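The next block holds one structure in the form of structure tokens; read it before the comments.
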């Protein structure tokens with residue numbers, strides 16, 4: 738099957754494709770972008786699957802009426818109690834409503850935005866029974882293996898100074914790294930192999 742020819746047939750039938758690029762692999766980006774472009778559709782990035790319901794609802798509303806998209810965005814913001822939407826969801830609404838996309842840019846002072854899809858966050862049901870991180874990860878259908886880090890945002894962690902520091906804005910899900918991120922946590926490069934206990938905060 739020549740997907741380009743098939744995509745052209747969809748365009749000829751006035752069918753637009755919402756090309757949802759899951760997890761942001763660079764080697765497949767061109768396919769999704771081209772599929773959307775050929776059909777006059779929309780290229781969307783879905784770095785984390787926890788936003789998939791918002792994506793499906795937003796796209797369905799977008800096919801029907803702009804006012805429904807606006808109402809759904811308002812509903813999601815109200816549901817989050819005034820906190821900012823996740824970056825991918827914010828970008829979804831920007832594109833569906835024809836607004837300028839509010840891209841995540843490098844912050845001043847050396848704090849850099851972490852590329853979407855590099856890390857993933859998993860929400861925990863408050864009613865879930867007490868289990869180990871390993872059990873939890875496996876129940877979510879993910880692979881647990883030595884060397885792959887899984888961390889709880891609500892638990893203090895002992896980290897070595899040689900490790901990369903990543904800050905997570907819990908309100909938006911945006912992640913940042915860089916030298917200033919280390920300084921914000923009081924992590925120094927003076928002793929590469931020293932350990933420091935990091936307590937959770939509103940930002941991480």
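Numbering (this note's numbering), first residue to last: 738 to 941. Glycine included, each C-beta is placed from N, C-alpha and C at the ideal position. Since this is a predicted model, take the numbers as computed values, not measurements.
Consult DSSP for residue i and reduce its assignment to one of helix, strand or coil.
i	result
residue 834	coil
residue 907	coil
residue 757	strand
residue 894	strand
residue 789	helix
residue 744	helix
residue 775	helix
residue 870	helix
residue 813	helix
residue 798	helix
residue 922	coil
residue 934	strand
residue 829	helix
residue 808	helix
residue 782	strand
Can the beta-carbon of residue i be found closer than 7 Å to that of residue j?
i	j	result
residue 871	residue 895	no
residue 824	residue 911	yes
residue 833	residue 806	yes
residue 837	residue 893	no
residue 877	residue 859	yes
residue 808	residue 783	no
residue 874	residue 890	no
So, for residue i: in the same chain, excluding its five sequence neighbours on each side, which residues have a beta-carbon less than 8 Å away from its beta-carbon?
i	result
residue 778	753, 754, 755, 756, 772
residue 861	873
Can you name, in chain order, every residue of its own chain whose Cβ lies under 6 Å from the Cβ of residue i, other than the five neighbours on each side?
i	result
residue 796	755
residue 941	Legend: pLDDT at residue 941 = 48, less than 50; position of this residue unreliable, no value from coordinates given.
residue 845	With a pLDDT of only 48 at residue 845, under 50, the local geometry of the prediction cannot be trusted, and no value is derived from it.
residue 776	744, 747, 748, 753, 754
residue 869	none
Excluding five sequence neighbours on each side, which residues of the same chain lie with their C-beta closer than 7 Å to the C-beta of residue i?
i	result
residue 814	822
residue 857	785
residue 788	823, 825, 826
residue 902	914, 918, 919, 922, 924
Answer with yes or no whether the minimum CB distance from residue i to chain C is below 7 Å.
i	result
residue 907	Reference to chain C is not applicable here, since this structure consists of a single protein chain.
Write down the C-beta distance between residue i and residue j rounded to the nearest angstrom, noting that I regard them as a contact closer than 8 Å.
i	j	result
residue 697	residue 781	Any answer about residue 697 is impossible in this case: the structure gives the chain only from 738 up to 941.
Quick check: does the Cβ of residue i come within less than 6 Å of any heavy atom belonging to the ligand NAP?
i	result
residue 787	With respect to the ligand NAP, the structure offers nothing, as it holds no ligand at all.
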